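Below: the structure, in structure tokens.
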Amino acid sequence: MRFAVLQFGGSNCDYDAYHVVHDVCGVDCDLLWYKEGIAKEYDAIIIPGGFSYGDYLRAGAIATRTPVMQDVLRHAGAGRLVLGICNGAQIGAESGLVPGVFTTNEYPKFICEWVHLRVENATSPFTSQYRSGEVIRIPIAHKEGRYVVPPGVGQQLLDEGKVAFRFCNEEGQCTPESNPNGSALNITGVLGDEGNVLVMMPHPERAAEGILGSEDGRRLFESMISHIEKQ
Amino acid sequence: MSYTVKITISLKEGMLDPEARAIQHALSNLGFATESLSTAQVFFITMDVPSAGDARQRAEEMCERLLANPVIHSYEIEV
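Order-wise, the sequence lines are chains L and X. Each residue of the first sequence is one higher than the last, beginning at 1 in our numbering. Each residue of the second sequence is one higher than the last, beginning at 1001 in our numbering.
Below you can see the structure in the form of structure tokens.
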């Protein structure tokens, strides 16, 4: 089993993701500079957080148009796992791996705080180690994280089980007050059509060890590993 | 021929424009009452193409493939 973490100019959560996969979970992992492309076949590719290309034009817009993303789309098309975190989520949405777009927060400032998420779908390759409806604690850190979809699409995604995570309060209620950035229906983790792609604004790699204040994020990586082992 | 196109990328009608809201609020603090305020990005692009029609077509392709995100943006092109 081998993971890869993509690195663009401006990625800054690449080593965090690598650390969790390689050191915490004990899985082989390569850091891949985007200009080198993805020559090998990987079981999972992580597009990490950061500010690729300085967020010029729109967050994730320029990284999405680099040749390496064709390799990512090819991996996703072959059923391999692709996880986009924060800037990686913005890139994933811009790439069309999931519907919608992550854009400027309802209140346009950078938010860095711990939030509660409700696990909406615990059957995906990314969430099998959670319980459906479970409330987990994971931090966010973004200014462009408000999930926007055309009218009706958010509910459709929920109905179809394509929503992995929603912002909620401690009791698991998805209220306006527990929606830090104004995302449609509190949605902040979206699965692709085939379920093998997940993009999410919160940072599971920053909540994978007790010393960091929460271990809830580790189970996301363990879910991926478990899914790959079963194949 | 060298043509310059002006491309204006705006948020679609009804889309929340948080930066515009903040700017409007700041203007209000300075005593400027405004009925509405929206933001847009403007690009001036010069290209060597045979005709004005070609320049417009290239600009449209640029919008579709990079400059605009169809989920939230509309665009206008002037040649």
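Glycine included, C-beta positions come from ideal geometry on N, C-alpha and C. No experiment lies behind these values; they were computed from the predicted model shown.
The Cβ atoms of residue 50 of chain L and residue 102 of chain L lie no closer than 9 angstroms to each other.
Residues of chain X whose Cβ lies closer than 7 angstroms to the Cβ of residue 61 of chain L are, in chain order, 1066.
According to the DSSP assignment, residue 1037 of chain X belongs to no beta strand (DSSP E), since it is labelled neither H nor E.
Closest option to residue 19 of chain L, judged by alpha-carbon separation, among L/133, L/40, L/117 and L/48: L/48. Positions of the alpha helix (DSSP H) runs, each at least 4 residues long and wholly inside the region 150-183 of chain L, are given as 153-159 in order along the chain.
In this structure residue 167 of chain L is buried. Its beta-carbon is surrounded by 16 or more other beta-carbon atoms within 10 angstroms. Taking residue 178 of chain L as reference, the option from L/224, L/185 and L/169 with the minimal CA-CA separation is L/169. Note on geometry: alpha-carbon atoms of residue 221 of chain L and residue 1064 of chain X lie some 35 angstroms from one another. Judged by their CB atoms, residue 192 of chain L and residue 98 of chain L are nearer to each other than the 9 angstroms cut-off. Between residue 16 of chain L and the set L/215, L/204 and L/122, the nearest pair of CA atoms involves L/204.
About 5 angstroms separates the CB atoms of residue 1042 of chain X and residue 1008 of chain X; that is less than 8 angstroms, so the two are in contact. In this structure, residue 55 of chain L places its C-beta atom within 9 angstroms of the C-beta atom of residue 87 of chain L. The alpha-carbon of residue 152 of chain L is positioned some 44 angstroms away from that of residue 1002 of chain X. For residue 90 of chain L, the number of other beta carbons within 10 angstroms of its own is at least 16, and it is reported as buried. In the three-state reduction of the DSSP assignment, residue 1003 of chain X falls in the strand class.
In the structure shown, residue 98 of chain L falls within a coil segment according to DSSP collapsed to helix, strand and coil. Contact between residue 1045 of chain X and residue 1059 of chain X holds, since their C-beta atoms are separated by about 7 angstroms, short of 8 angstroms. By the C-beta criterion, the region 1007-1024 of chain X is judged not to be in contact with the region 222-231 of chain L, since fewer than 3 inter-stretch pairs fall below 8 angstroms.
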